[in-house]
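Going down the list, the protein sequences come from chains W and A. Residue numbering for the first sequence follows UniProt numbering, beginning at 1 and increasing consecutively. Residue numbering for the second sequence follows UniProt numbering, beginning at 1 and increasing consecutively. All C-beta atoms, glycine included, are put in the ideal place defined by N, C-alpha and C. The model shown is predicted, which means the values in this text are computed figures rather than measured ones. A quick write-up on the structure given underneath.
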Amino acid sequence: MTHDGARPRRKPGPALLSLIAGAALVTSFGVVSCQDRTPADFGTPPVAAPVSTEPEPAQVRIHDGRTPATAATDKPVRLTIPALRVAVPVTPVGIDSSTGDLAIPENVNTVGWYRFGPDFSATTGSIVIAGHVDSADAGKGALFRLDTLRAADTVTLTGADGHTRTFRVTARERYRKTAIPLDKYFSRDGSVRLTLITCGGPFDSRTRHYRDNVVVTAVPA
Amino acid sequence: MHSLHFRRTATVGLAALFAFGASGAFASLPAQAKAGSKVSVVHGIPGQPVDVYVNGKKTIPDFEPGKVAGPLTLPAGEYDIALTKPGDAIADALLTVDNAEVPGDANISLVAHLNEAGKPVLTPFVNDTAKLAAGKARLIVRHTAAAPAVDVRAGGKPVFEDLTNPKEAKADIAAGTVSADVVLAGTQTRVLGPADLDLKEGTATIVYAVGSAEDKSLDLVTQTIDGLHSAPGGVPGGNGGRADHSVPLPWYGAGAVGVLLAMFGLVRLATARR
Chain W
1 MTHDGARPRR KPGPALLSLI AGAALVTSFG VVSCQDRTPA DFGTPPVAAP
51 VSTEPEPAQV RIHDGRTPAT AATDKPVRLT IPALRVAVPV TPVGIDSSTG
101 DLAIPENVNT VGWYRFGPDF SATTGSIVIA GHVDSADAGK GALFRLDTLR
151 AADTVTLTGA DGHTRTFRVT ARERYRKTAI PLDKYFSRDG SVRLTLITCG
201 GPFDSRTRHY RDNVVVTAVP A
Chain A
1 MHSLHFRRTA TVGLAALFAF GASGAFASLP AQAKAGSKVS VVHGIPGQPV
51 DVYVNGKKTI PDFEPGKVAG PLTLPAGEYD IALTKPGDAI ADALLTVDNA
101 EVPGDANISL VAHLNEAGKP VLTPFVNDTA KLAAGKARLI VRHTAAAPAV
151 DVRAGGKPVF EDLTNPKEAK ADIAAGTVSA DVVLAGTQTR VLGPADLDLK
201 EGTATIVYAV GSAEDKSLDL VTQTIDGLHS APGGVPGGNG GRADHSVPLP
251 WYGAGAVGVL LAMFGLVRLA TARR
């Protein structure tokens with residue numbers, strides 16, 4: 001045991017360790033916060049045309065008062081988004097009678113088409129397709145990366161007869177679920193468009209709900 | 001065929017009925033605030049096509065039984081309505097209603113039908129065009145037939161009971177097809193149907209029972225009013241949390257601890273070199 005001098009020189013070990021660990025933590029934080037930044041919105045969906053004031057027809061329209069036959073709807077059967085490598089089946093969905101919400105398919109690898117709104121061959125209004133972004137049990141859903149779609153990306157719907165209809169992305173928006181203008185996205189008027197909806201934004205692990213909806217609007221390509 | 005005993009006197013009370021039925025709620029509004037009303041005309045008298053005159057002008061020529069005409073957009077005001085045999089002069093009208101008041105901003109069905117005793121009459125109904133919740137359809141049933149009180153059943157169960165001419169009953173129900181029939185009130189004696197009704201989402205389907213039980217001419221006439229839909233309450237698209245791109249709170253803590261550790265290390269290193 002020897003003393004080098006009157007003032008003992010402390011070992012640099014713990015200090016260095018502390019410095020390195022601190023730097024590592026700060027770097028990790030930087031990486032995490034840069035890596036998963038929520039993409040910014042872009043574009044605005046076409047506004048639903050104001051209710052047209054039809055000119056009074058010269059002759060009064062006469063309707064047959066017979067009981068209307070069950071109207072056939074032309075349902076889409078497949079959704080393809082090449083940019084996201086998504087190709088999933090589409091199933092018709094309605095309303096969850098207990099909540100009044102859209103009844104999205106349980107299967108996260110299937111998306112739902114709102115069967116009361118415009119259908120595959122619609123010429124007006126918003127064709128709505130919604131899917132889970134993920135689920136606690138089944139993991140990532142078909143629309144997991146919907147919020148990375150960019151302007152001009154294509155989205156293709158396939159009809160029951162095998163025909164396809166291609167749309168071009170024009171807008172991507174994120175809204176708090178409490179503020180989303182659903183009337184606009186479920187409108188049955190205005191120029192025909194495809195509306196894709198899923199969840200996004202911060203997740204409340206207590207209620208197990210996302211705060212936001214991610215909405216992509218696409219128009220016929 | 002039912003013989004039509006059209007008498008102008010029979011309709012005197014109807015003008016008042018029309019005015020009352022449609023205008024009650026709107027009577028206090030100033031005239032300027034009233035927009036045009038939509039008026040549909042329903043022909044529920046078997047066997048007699050008619051020309052419909054509004055204020056002396058032939059508006060619906062050769063209107064066949066079982067058909068629904070319109071809607072006409074009529075500014076609020078008073079109207080003279082006349083039904084004639086096709087080609088006949090107004091003076092020989094089968095049925096007239098003078099000074100019928102059309103209120104503003106309403107959706108009205110004007111129904112030519114038989115009353116319970118079998119006399120042709122004209123009855124106005126105000127249509128409920130309130131928005132429907134997503135997934136719902138509105139079913140409105142109107143007893144406009146020369147028949148006693150009836151029950152309307154869906155899937156064999158009575159949904160509207162003891163309905164009499166010229167009353168209506170209505171309900172907002174889940175959209176879809178229902179099998180409906182009409183029985184004499186309180187009995188199993190079927191007088192109409194069964195008919196499959198496709199109740200479209202966001203649409204009011206109005207079903208009129210018309211004709212005469214005595215003449216075995218009972219039938220159904222339907223009218224639809226669409227555009228009453230609303231958007232779903234919400235779109236719940238996930239419960240996993242994997243798509244949460246925001247930086248979780250613990251990472252901010254880690255960052256802060258990192259800064260402190262690094263500063264501590266630097267200070268220690270600096271003091272050690274002195």
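For proline 39(W), the secondary structure class from DSSP, reduced to helix, strand or coil, is coil. Under the DSSP assignment, lysine 136(A) falls in the beta strand (DSSP E) whose first and last residues are 136-143. Cβ-Cβ distances below 8 Å link threonine 224(A) to Lys200, Thr203, Ala204, Thr205 and Ile206 in the same chain, with the five nearest sequence neighbours on each side left out; the list follows chain order. Counting C-beta atoms within 10 angstroms of its own C-beta, aspartate 62(A) has fewer than 16 neighbours from the protein chains shown and is therefore classed as exposed. The beta carbon of arginine 268(A) sits closer than 8 Å to none of the beta carbons in its chain outside the five residues before and after it.
Beta-bridge partners assigned by DSSP to threonine 80(W): Ala87(W) and Thr156(W). For histidine 43(A), the number of other beta carbons within 10 angstroms of its own is at least 16, and it is reported as buried.
In terms of CA proximity to glutamate 161(A), Gly186(A) leads the group Gly186(A), Arg142(A) and Ile173(A).
Annotation: Cβ neighbours of threonine 99(W) in chain A (cutoff 7 Å, chain order): Gly233. By the C-beta density criterion, threonine 148(W) is exposed, having fewer than 16 other C-beta atoms within 10 angstroms.
For the pair alanine 93(A) and tyrosine 79(A), the CB atoms are not nearer than the 8 Å cut-off. When DSSP states are grouped into helix, strand and coil, isoleucine 104(W) belongs to the coil group. DSSP places threonine 27(W) within a helical segment (H, G or I) once states are collapsed to three. If only uninterrupted beta strand (DSSP E) runs of at least 3 residues are considered, those enclosed by the segment 79-131 of chain A are 95-102, 107-114 and 120-126. Of all alpha-carbon atoms in Gly66(A), Gly77(A) and Ile60(A), the one lying nearest the alpha-carbon of glycine 36(A) is that of Gly77(A).
At least 8 Å separates the CB of phenylalanine 125(A) from every CB of chain W. Between leucine 25(W) and chain A, the shortest Cβ-Cβ separation is below 8 Å. The three-state secondary structure of leucine 261(A), taken from DSSP, is helix.
Counting C-beta pairs closer than 8 Å gives fewer than three between the segment 162-181 of chain W and the segment 107-117 of chain W, which falls short of the contact rule.
Looking at the backbone, the Cα of aspartate 181(A) and that of glutamate 64(A) are separated by about 24 Å. Residue state for serine 37(A) is assigned as strand, using DSSP reduced to three classes.
Between the C-alpha atoms of alanine 136(W) and leucine 143(W) there is a straight-line separation of about 15 Å. Linking leucine 74(A) to histidine 163(W) through their CA atoms gives a straight-line distance of about 44 Å. One thing to note: alanine 209(A) has its Cβ no nearer than 8 Å to the Cβ of threonine 164(A).
Note that the segment 77-87 of chain W does not touch the segment 100-107 of chain W; fewer than 3 beta-carbon pairs, one per stretch, sit closer than 8 Å. Contact between valine 235(A) and aspartate 101(W) is confirmed by a C-beta separation of about 7 Å, below the 8 Å threshold. Listed along chain W is no residue with a C-beta nearer than 9 Å to that of lysine 119(A); the closest approach is about 21 Å. Beyond the five residues adjoining it in sequence on each side, proline 202(W) comes within less than 6 Å, by CB distance, of Arg211 in the same chain, given in chain order. A distance below 7 Å between beta-carbons, with the five flanking residues on each side excluded, links histidine 63(W) to no residue of its chain. By the beta-carbon neighbour count (other beta carbons within 10 angstroms, threshold 16), proline 86(A) is exposed. By the Cβ-count criterion, phenylalanine 42(W) is exposed, with fewer than 16 other Cβ atoms from all chains shown falling within 10 Å of its own Cβ. In the structure shown, the three-state DSSP call for isoleucine 20(W) is helix. Listed along the chain, the chain A residues whose CB falls inside 7 Å of the CB of threonine 73(W) amount to none; the nearest CB is some 10 Å away. For aspartate 51(A), the secondary structure class from DSSP, reduced to helix, strand or coil, is strand. Around the beta carbon of tyrosine 53(A), 16 or more other beta carbons sit within 10 angstroms, so the residue counts as buried. Rounded to the nearest whole angstrom, the CA to CA distance from leucine 25(W) to glycine 135(A) is 52 Å.
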